[in-house]
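Peer 1:
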Amino acid sequence: MYAVIESGSKQYRVSAGDTLQVERLSVEAGKPVTFERVLLVNNEGKITTGAPTVAQATVEAEVVEHIRGEKKVAFKMKRRKGYHKKTGHRQELSVVRIKEIKG
Numbered sequence: 386m387y388a389v390i391e392s393g394s395k396q397y398r399v400s401a402g403d404t405l406q407v408e409r410l411s412v413e414a415g416k417p418v419t420f421e422r423v424l425l426v427n428n429e430g431k432i433t434t435g436a437p438t439v440a441q442a443t444v445e446a447e448v449v450e451h452i453r454g455e456k457k458v459a460f461k462m463k464r465r466k467g468y469h470k471k472t473g474h475r476q477e478l479s480v481v482r483i484k485e486i487k488g
């Protein structure tokens with residue numbers, strides 16, 4: 386059984402026991418979280434799609450920890466002008482473990 390959820394304007398395919406990194410959630414580490422934006426549920430070959438979400442379908446998860454992603458570097462340069470600009474960004478992430486899919 387698996388489901389497709391939406392979190393932080395991104396879609397993830399999850400099943401029970403999976404661990405994934407999503408954009409930072411406002412939940413403390415060790416606390417449960419519920420994803421209500423379930424777009425698709427596959428239950429042993431029986432596929433239920435939502436328009437836009439599946440009614441009464443939720444995904445229960447637990448926040449394991451909060452981390453920062455790898456550094457992304459943006460380097461700008463204009464040739465022959467002496468212009469160089471280097472900036473970096475690290476995304477704030479939450480690591481969640483999927484407990485169960487309901488619905």
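Mapping of the sequence shown onto this note's numbering: position 37 corresponds to residue 422, and the numbering continues sequentially without gaps. Just so you know, even glycine gets a beta-carbon here, dropped at the ideal spot from N, CA and C.
The beta strand (DSSP E) with Met462 in it runs from where to where?
Peer 2: Thr443 to Lys463
Peer 1: Is Glu450 near the ligand GDP, with its Cβ less than 7 Å from a heavy atom?
Peer 2: Summarising the ligand content, the structure contains no ligands, and the ligand GDP is consequently not present.
Peer 1: DSSP on Ser479, reduced to helix/strand/coil?
Peer 2: strand
Peer 1: Using the Cα positions of Gly488 and Lys457, report the straight-line distance between them to the nearest angstrom.
Peer 2: 38 Å
Peer 1: Going by DSSP in three states, Ala388 sits in which element: helix, strand or coil?
Peer 2: strand
Peer 1: Mind reading off the beta-carbon distance from Val407 to Gly393? Whole number of angstroms is fine, and I expect it under 8 Å.
Peer 2: 6 Å
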